[in-house]
Amino acid sequence: MNSPFFILAALTIFGASAAMTLRNMVHCTLALSICFIGIAGLYLNLGAQFLGLAQVLVYVGAVVILIVFAILLTRSGELPSPRPSRAVYGIIVAAPTFGILAWAMLTGATVPVQPQAHIDQIGRVMMHHYLLPLEIVGLLLTAALIGAVVIAMEEKQSTK
Amino acid sequence: MTQAVDQVFVTLKHSAVFHSPTELQPAVSILLSIVPVLVVFPSLFAVTTILERKGLARIQNRYGPNRVGPFGFLQPLADGLKSLTKEDIVPASADKLVHFLAPLLLVMTAFLEYSILPIGRNMIVADLDSGVVFFFAVSAAMELSIFMAGWSSRNKYSLLGAMRAVAQMISYEAPLILSSVCVIMAAGSLSTVQIVEKQAGYSGIWPHWYVLTPWGFGGFALFMIAATAESNRSPFDLPEGESEIIAGYFTEYSGFKFALFFLGEYLGMFAITGLGITLFLGGWAAPFSFLTWVPSWIWFFAKLLVLIGVFIWIRGTLPRLRMDQLMNFAWKFMLPMALVVILSAGIWRFMPAGVLRWLVCAAPILAGYLFIGRILSGGQGLEKRIYRFAE
Amino acid sequence: MNPLTACLLLSALLFSIGLGGALSRRSAILVLIGIELMLNAANLNFIAFWRFGPHPENLTGILFVIFSIAIAAAEAAVGLALILAVYRHFKTSDLSRLNSMKG
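Residue numbers (the numbering used here), protein chains in the order written: chain G, 48 to 207; chain S, 559 to 949; chain L, 7 to 109.
This is the structure in structure tokens:
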């Protein structure tokens with residue numbers, strides 16, 4: 048494995064752990080965007096160029112901004128630090144999960160190959176084999192758009 | 559001869575790389591691609607500031623800067639020196655690290671956007687397979703830096719300005735991307751170099767630019783309006799509405815950091831204009847077949863300067879919008895129009911060339927424009943307009 | 007270490023961080039961030055299997071991740087809208103204080 052991979056991996060893990068441990072929620076979100084950029088870099092490193100750029104576009108450009116809006120609208124900037132007992136529960140569940148996954152991976156074996164995903168190939172496959180899923184995703188996104196607007200809309204005072 | 563002049567920078571770079579030691583060659587090549595971008599576009603920024611101040615002054619019937627140098631043309635130099643020597647004030651309650659990082663991130667992302675713009679034949683920093691997506695991904699990071707600036711200042715005006723800016727940029731990103739989708743469909747590629755190549759060639763003296771098709775014209779108009787909003791230019795400059803929220807998200811910045819914001823904003827504007835040129839105006843191609851002897855890089859910068867002139871003209875002409883007008887315009891007019899333009903581009907792709915194709919493709923755009931415009935203007939469409947003045 | 011194992015270990019670590027965070031933080035928004043991290047870990051796995059597995063020319067991993075990103079965006083939008091609705095009702099987004107089902 049090359050050295051860019053390890054740098055990006057370190058960046059991703061740093062961003063992820065900062066996002067889950069910092070006290071200030073906006074700092075958490077900024078750390079989350081570092082983590083997403085790291086993952087996008089990993090995609091680029093693995094030869095999935097379009098996906099890496101789409102990752103930045105969707106996650107940093109939309110999801111992180113949405114989270115920022117939610118933080119400011121719910122006025123939850125500064126938080127009390129998590130109680131130690133809760134953090135312990137988290138670690139108690141997370142550490143064995145990592146252990147089991149790592150054990151499963153280290154006992155497997157694979158064959159490395161060198162593929163490249165060009166954008167026209169992706170487009171062709173998406174329009175031929177995956178046309179129905181594509182349409183369903185479009186429907187889902189429309190439904191989610193309308194649903195989000197309806198849920199987040201102000202409740203009418205007259206209903207009381 | 560014309561070939562040599564056209565490729566002079568490419569040849570210079572190749573010879574410089576060729577004469578450097580072997581182990582340094584990749585580094586020299588990268589450096590020689592990046593440094594011109596870092597030099598040329600900030601100089602263009604200096605030229606633009608003086609043009610803008612002079613032009614706006616003429617539109618507003620005054621002189622503009624005329625004290626430093628001949629006709630005041632050294633004003634940008636004086637401004638630069640002033641901002642370099644000014645004290646850098648950071649508010650006591652500010653989030654120091656984020657406050658420091660925000661202007662740097664803004665300028666960095668603005669420079670990254672130039673890496674996929676072909677500014678001449680064979681003159682591009684990185685020809686990516688999905689270059690247009692790269693551009694939009696990087697400009698998404700720009701929104702984040704604006705939010706960082708506004709939030710870390712701990713000032714309500716900064717925060718208000720940042721939230722306005724982010725909401726506006728997100729809303730106008732949808733029509734911006736959708737209006738470039740029609741070009742991507744027509745060119746069948748996301749690489750900026752290939753998009754420019756697809757627009758090469760002339761019929762008679764007229765070029766094959768996408769802006770000279772009905773859907774291309776509609777797409778270009780939508781793209782430039784969205785680009786104006788995306789770079790927070792007037793009439794969409796609510797995020798820095800001086801009369802309401804002082805200076806928006808960079809209220810709490812002074813000295814060189816303020817200059818960096820200014821620089822980042824203009825660099826973003828040049829970059830998005832450059833993308834518009836690449837997508838719709840044939841990139842570095844000459845506008846008429848008998849002008850192809852002029853070097854390609856001159857055409858790119860000529861087109862850029864003309865569009866910047868249009869931006870300055872618009873700024874001097876139109877008043878600032880209100881927030882609800884801004885949002886309504888983005889979601890109720892721009893978005894449906896962008897979808898209609900995509901439909902028209904699809905029809906264009908599958909019809910034989912001729913007058914009929916022109917009519918069939920122009921019809922949905924015109925109909926959509928009239929229909930949506932009629933609905934948005936609330937039925938007061940065609941009768942005589944009534945002006946109301948303050949007593 | 008072989009490259010696939012490195013990728014999978016990284017994504018397992020990312021998943022565990024997301025899981026630990028989602029279980030231990032009290033703010034609903036931070037729980038959502040943890041879920042996003044876990045989703046991203048899964049996506050990274052798909053890309054790693056596409057890159058180093060047999061038949062990369064089918065692009066199955068890439069397509070799966072594209073759909074997954076689209077669905078994650080929808081999920082984030084709806085999730086944050088729900089958090090806003092809950093905040094408007096209870097005046098808090100602290101999960102340990104949302105303990106009554108009757109409004």
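Note that the Cβ used here is the ideal one computed from N, Cα and C, for glycine as well. Quick caveat, the model's predicted, so the values are computed rather than measured.
{"Check": "Helix, strand or coil at residue 638 of chain S [DSSP, three-state]", "Outcome": "helix"}
{"Check": "Range of the contiguous alpha helix (DSSP H) that encloses residue 690 of chain S", "Outcome": "689-710"}
{"Check": "Residue 912 of chain S - DSSP class collapsed to helix/strand/coil", "Outcome": "coil"}
{"Check": "Amino acids of chain S, ordered along the chain, whose beta-carbon sits closer than 7 Å to that of residue 101 of chain G", "Outcome": "691"}
{"Check": "N-terminal and C-terminal residue of the alpha helix (DSSP H) that residue 175 of chain G is part of", "Outcome": "166-175"}
{"Check": "Nonlocal neighbours in the same chain, by C-beta distance under 7 Å from residue 105 of chain L, ignoring five residues either side", "Outcome": "none"}
{"Check": "Same chain only: Cβ atoms within 8 Å of residue 951 of chain S, ignoring 5 sequence neighbours per side", "Outcome": "Nothing in the structure corresponds to residue 951 of chain S, since chain S is present only between 559 and 949."}
{"Check": "Residue-level contact to chain G via CB, residue 656 of chain S, 8 Å cutoff", "Outcome": "yes"}
{"Check": "Range of the contiguous alpha helix (DSSP H) that encloses residue 767 of chain S", "Outcome": "Note, residue 767 of chain S: premise wrong, no alpha helix (DSSP H); not H, not E."}
{"Check": "Within 8 Å, strictly: CB atoms of residue 10 of chain L and residue 58 of chain L", "Outcome": "yes"}
{"Check": "Contacting positions in the segment 664-696 of chain S - beta carbon closer than 8 Å to chain G", "Outcome": "686, 687, 688, 691, 692, 694, 695, 696"}
{"Check": "Chain S contact residues for residue 165 of chain G, given Cβ-Cβ distances below 8 Å", "Outcome": "687"}
{"Check": "Neighbour flag for residue 60 of chain G against chain L, beta carbons, 8 Å", "Outcome": "yes"}
{"Check": "C-beta contact flag for residue 711 of chain S and residue 671 of chain S at 8 Å", "Outcome": "no"}
{"Check": "Environment of residue 107 of chain G [buried if 16+ CB atoms lie within 10 Å]", "Outcome": "buried"}
{"Check": "Within 8 Å, strictly: CB atoms of residue 636 of chain S and residue 825 of chain S", "Outcome": "no"}
{"Check": "Closer than 8 Å to chain G by CB, residue 103 of chain L", "Outcome": "no"}
{"Check": "N-terminal and C-terminal residue of the alpha helix (DSSP H) that residue 32 of chain L is part of", "Outcome": "Taken as a continuous stretch (DSSP letters only), residue 32 of chain L belongs to no alpha helix (DSSP H), as it is neither H nor E."}
{"Check": "Boundaries of the alpha helix (DSSP H) in which residue 599 of chain S is found, first to last residue", "Outcome": "583-617"}
{"Check": "Cβ of residue 51 of chain G within 8 Å of any chain L Cβ", "Outcome": "no"}
{"Check": "Cβ shell of residue 158 of chain G (< 8 Å), same chain only, five flanking positions each side left out", "Outcome": "No answer about residue 158 of chain G holds up, because its pLDDT of 49 lies below 50 and its placement is not dependable."}
{"Check": "Under 7 Å (Cβ pairs) to chain G, residues found in the segment 800-819 of chain S", "Outcome": "none"}
{"Check": "6 Å CB neighbourhood of residue 27 of chain L in its chain, flanking five on each side removed", "Outcome": "40"}
{"Check": "Three-state secondary structure (DSSP) of residue 777 of chain S", "Outcome": "helix"}
{"Check": "Residue-level contact to chain L via CB, residue 174 of chain G, 8 Å cutoff", "Outcome": "no"}
{"Check": "Contact list for residue 84 of chain L against chain G, beta-carbon separation under 8 Å", "Outcome": "191, 194, 195, 198"}
{"Check": "Beta-carbon spacing of residue 821 of chain S, residue 600 of chain S below 8 Å", "Outcome": "yes"}
{"Check": "Neighbour-count burial assignment, residue 165 of chain G, 16 or more Cβ in a 10 Å radius", "Outcome": "exposed"}
{"Check": "Local conformation of residue 895 of chain S per DSSP, three classes", "Outcome": "helix"}
{"Check": "Buried or exposed by the 16-neighbour rule on C-beta atoms within 10 Å, applied to residue 42 of chain L", "Outcome": "buried"}
{"Check": "Interface flag, residue 148 of chain G vs chain S, CB-CB below 8 Å", "Outcome": "no"}
{"Check": "Cutoff 8 Å: residue 207 of chain G Cβ touching any chain S Cβ", "Outcome": "For residue 207 of chain G, the pLDDT reaches just 39, beneath the cut-off of 50, and the residue's location in the model is therefore unreliable, although a value from the coordinates is still provided. False, the Cβ-Cβ gap to chain S never drops below 8 Å."}
{"Check": "Proximity below 8 Å, CB of residue 796 of chain S to CB of residue 722 of chain S", "Outcome": "yes"}
{"Check": "Nearest-angstrom beta carbon gap, residue 89 of chain L and residue 121 of chain G [assumed within contact, 8 Å]", "Outcome": "7 Å"}
{"Check": "Secondary structure, alpha helix (DSSP H): runs of 4+ residues fully inside the segment 77-126 of chain G", "Outcome": "96-102, 111-120"}
{"Check": "Coarse secondary structure for residue 790 of chain S, derived from DSSP in three states", "Outcome": "coil"}
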